[in-house]
Structures are given as C-alpha cells and as structure tokens.
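A short write-up of the structure that comes next.
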Amino acid sequence: MAEILAIYPGSFDPITNGHLDLIERGSRLFDRLIVAVLTNLDKDPLFTVAERVEMLQEVAHGIPHVSVDTFSGLLVDYAGEKRAQVILRGIRAFTDYEYELQMALMNRKLEPELETVFLMPALSYTYVSSRLVREIFQHGGSVKDLVPPLVEERLHQKVFQSKP
Ligand code: PNS
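If you use my numbering, the sequence shown corresponds to residues 104 to 267, in order.
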C-alpha cells in the first residue's frame, strides 16, 4: 500500500499543547506528517514565521516521522507539490465545526482527491487556542499547562523584553 503523507497546516502563533497533542496523534496514524506554517497571514502575528518554525521543530523533535515546513498560497497547491493525500485538522468544539467544514469542502472542491481528516485533541485541551494564549499572556496571566515550556519562555522574551 502507498505511504500516506498528511499535512497539518496552520498559523501556529504560537504552538499550543493542543497542537502538539494533534501532532502526536497524527504521527501515529500517518506514515509521514508535515506541520506546515502559513507564511502569508492576514493577521498581524506575534511571532515571525522563522520563530514559529523554530519552536515547532524544537517541540516536535523526537516525534517519529514529523517534519516542519512553511507554505504560501493555496493549501491544495502545496499539498499537490508534496504529493500529500491528507490534510489534518483539529476540531476542539462545536464552534470550530462550521469554519472547518467550510474549509474542508472548499478544499475538496478545489482538489477532490485530497481528503481532510479531523482529529479531536485530548479533552483537557479543547478550550486552548493560540489567540487566547497570546491574550492571556499579554495581560499577565499564566499559560502554564497550555503551551510547552519552551513556548512559555519564548512568550516571556517576546512580550516582556520588547517593552521599553
Ligand atoms: O491555524 P489556522 O489559522 O486556523 O489555519 C488556517 C489555514 C492556514 C489552514 C488556512 O487559512 C489555509 O489553508 N490557508 C491557505 C490558503 C488557502 O488555501 N485558502 C483556502 C482554504 S479553503
């Protein structure tokens, strides 16, 4: 049987324990998993693409057959270049469903051969998002248990050391 290559795309600004949980689950399911950071974000990111890639590489180090890459433009085009068969996405709660369904169906319209596979993270991460992590941290709250220790350290450097 052909090897299954999956792409886990996202902004990862920054990677959370929920993302990491999904990467671990994906690595067990697929022969290869590429975690792909979108470079042309509309949003104003907290971390640069290089910083996000570096954090992902550190945090995913040691998880079998996982690599980290970047992409721009359409996800289906990137998946085609890599010859991936699967897009991996996480669904945390009902509120994610509408957006994810729309994206999955649009990607299917653009590339019918590419399947989107949804996985649920561990229950304890269902409320964790990068946006909330950034917000909590910027207002002095604790993000312990929400992100890997390395990310907590990088958030500290980013938020406090950039203040005059
Ligand atoms: O972590 P995010 O921000 O929810 O990830 C969204 C992402 C990167 C998966 C999505 O915005 C995307 O695939 N962007 C690439 C452009 C594209 O293909 N758009 C059409 C999607 S239907």
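Backbone N, C-alpha and C fix where the C-beta goes; we use that ideal spot for every residue, glycine too.
Coarse secondary structure for I166, derived from DSSP in three states:
coil
Beta carbon nearer than 6 Å to a non-hydrogen atom of the ligand PNS
P112, G113, S114, L141, L177, L178, M206, M209 and N210
Tell me whether the beta-carbon of A139 lies closer than 8 Å to the beta-carbon of Y111.
yes
What number of angstroms, rounded off, separates the C-alpha of V246 from the C-alpha of D172?
26 Å
If you drop the 5 nearest sequence neighbours on each side, which residues of the same chain put their C-beta closer than 6 Å to that of A182?
I110 and L217
Contact check, V254 vs G121, beta carbons under 8 Å:
no
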